[in-house]
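> Position 54 of the sequence shown, counting from 1, maps to 66 under the working numbering, and the rest follow consecutively. Beta carbons: idealized from backbone N, C-alpha and C, even for Gly. Since we're looking at a predicted model, the values are computed, not measured. One structure coming up, written as structure tokens, with questions to follow.
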Amino acid sequence: MVLIKILNVCITVIPFLVFPVIRYIVSSCTNDTIIQKQIQLLNRVFTMLFFVNFAENFYIVVASSSRFRQQLKYVLINIHFKGWCAKTNVNRVHPVVEGFELPITSNFQHTG
């Protein structure tokens with residue numbers, strides 16, 4: 013599992029960290045708009061790979077840890093799913109009682 017996580021970091025995080033240096037060097041050498049657009053595209057691809065890193069960590073742990081899979085099944089099925097199925101539709105809004113009036117009081121005193 014640790015080896016897979018190290019490979020995951022090498023593939024997803026390191027390009028995201030190294031690319032700003034490369035972008036700075038290339039953008040200072042050229043003003044070609046096509047090259048700058050290609051750099052922007054690479055920047056977006058590496059940014060997406062960086063965010064995929066967080067999801068991949070979850071899937072790596074699910075694939076390699078039986079204890080984590082047991083806990084995940086317990087939480088999803090026994091706690092959330094059964095709780096969701098057993099939930100009754102309780103009306104928490106109280107109905108308005110007919111003939112109910114609020115007394116209007118005023119703190120202002122009328123003189124005259």
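Alpha carbon to alpha carbon, what distance is there between Ser77 and Phe58?
28 Å
> Do Arg81 and Val74 come within 8 Å of each other at the CB atom, strictly closer than that value?
Contact annotation: Val74 and Arg81 have beta-carbon atoms nearer than 8 Å.
> Under DSSP, the alpha helix (DSSP H) around Ile23 begins and ends at which residues?
14-24
> What's the gap between the Cα of Val30 and the Cα of Ile47?
Spanning the two alpha carbons is a distance of roughly 18 Å.
> Just to confirm, is the Cβ distance from Ile197 to Asn20 under 8 Å?
No answer is possible for residue 197: it lies beyond the span of the chain, which begins at 13 and ends at 124.
> What three-state label does DSSP hand Asn55 in the structure shown?
helix
> Using only alpha-carbon positions, find the residue among Cys22, Arg35, Val14, Leu84 that is nearest to Gln52.
Arg35
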